[in-house]
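Asker:
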Amino acid sequence: MLGKREPGIYGGKTLADIEADCQAAAASLGLAIEFRQSNHEGVLVDWIHEAGEKAVGIVLNAGAYTHTSIALQDAIRAVSPLPVAEVHLSNIHAREPFRHKSMVAPVAVGMICGFGPLGYTLALQALAARL
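In terms of the UniProt record's numbering, the sequence shown opens at residue 1 and continues consecutively.
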């Protein structure tokens, strides 16, 4: 729903726009990426497990699951030490109190929030620097 849902908070870029930005950033860093989106927690868990077998890092915006999903935290723990960078378009710490707690943060190498779509490319840069 990016570009349509609450553009004052999430901006006007679509998911396709953000994917194009990420592909360009990855290419400039010498990385190949798979860009995926799902609204289903179990699918996200499966993808994290898959990444544990073939990826060198994960950039993850877990959306609302950030604040509720023990399953995502467990999946990330299962693929440790694979580095996970947590991304949020908005500054979750400046929003409603229920958004302040992240279940991902304790198992992520870092979090980037509040910089809009730029956060994704910043996360790719941060992961590339760790590799």
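For every residue, glycine included, the Cβ atom is placed at its ideal position computed from N, Cα and C.
#1: Counting only runs of 4+ residues fully inside the region 66–124, write out the alpha helix (DSSP H) ranges in chain order.
#2: Using the Cα positions of N91 and M1, report the straight-line distance between them to the nearest angstrom.
#3: At the level of alpha carbons, what is the spacing between R36 and A55?
#4: Which partner residues of I58 appear in the DSSP bridge assignment?
#5: Can you check whether the CB of I18 is closer than 8 Å to the CB of A26?
#6: Can you list, in chain order, the residues of its chain whose CB lies under 8 Å from that of A94, leaving out five sequence neighbours each side?
#7: Look at the alpha carbon of V59 and the alpha carbon of M111, and state the distance between them as a whole number of angstroms.
#8: For L29, does the three-state DSSP call read helix, strand or coil?
#9: Using a threshold of 8 Å, state whether the C-beta atoms of L82 and G52 are closer than that.
#10: Excluding five sequence neighbours on each side, which residues of the same chain lie with their C-beta closer than 6 Å to the C-beta of A108?
#11: Exposed or buried, G119, counting other C-beta atoms within 10 Å across all chains shown (16 or more means buried)?
#12: According to the neighbour-count rule (16 or more other Cβ atoms, all chains shown, within 10 Å of its Cβ), is W39 buried or exposed?
Answerer: Based on what the coordinates show:
#1: Listed in chain order, the alpha helix (DSSP H) elements of length 4 or more contained wholly in the region 66–124 are 70–78.
#2: Translated into the one-based positions of the sequence shown, residue 91 becomes position 91. Translated into the one-based positions of the sequence shown, residue 1 becomes position 1. Just so you know, the alpha carbons of N91 and M1 end up roughly 18 Å apart.
#3: Stepping through the sequence shown from its first residue, residue 36 is reached at position 36. Stepping through the sequence shown from its first residue, residue 55 is reached at position 55. Their Cα atoms are separated by approximately 13 Å.
#4: By 1-based counting over the sequence shown, the position of residue 58 is 58. Per the DSSP secondary-structure output, I58 pairs in a beta bridge with V84.
#5: Here residue 26 is taken as the residue at index 26 of the sequence shown, counted from 1. Here residue 18 is taken as the residue at index 18 of the sequence shown, counted from 1. It is not a contact, given that the beta carbons lie outside the stated cut-off.
#6: The residue given as residue 94 occupies position 94 in the sequence shown. Closer than 8 Å at Cβ, skipping near neighbours: G114.
#7: Counting from 1 along the sequence shown, the entry for residue 59 is found at position 59. Counting from 1 along the sequence shown, the entry for residue 111 is found at position 111. So the two alpha carbons sit approximately 10 Å from each other.
#8: Position 29 of the sequence shown, counted from the first residue, corresponds to residue 29. Residue state, collapsed to three classes: helix.
#9: Taking the sequence shown and counting its residues from 1, the one referred to as residue 82 is at position 82. Taking the sequence shown and counting its residues from 1, the one referred to as residue 52 is at position 52. Yes, they are a contact pair.
#10: The residue given as residue 108 occupies position 108 in the sequence shown. So the list reads V84 and E86, once near-sequence residues are dropped.
#11: Your numbering for residue 119 matches position 119 in the sequence shown. Of the residues assessed, G119 falls on the buried side of the cut-off, its CB having 16 or more other CB atoms within 10 angstroms.
#12: Working through the sequence shown from its first residue, we reach residue 39 at position 39. According to the sequence provided, residue 39 is Asn. The question's Trp does not apply to it. Exposed is the call here.
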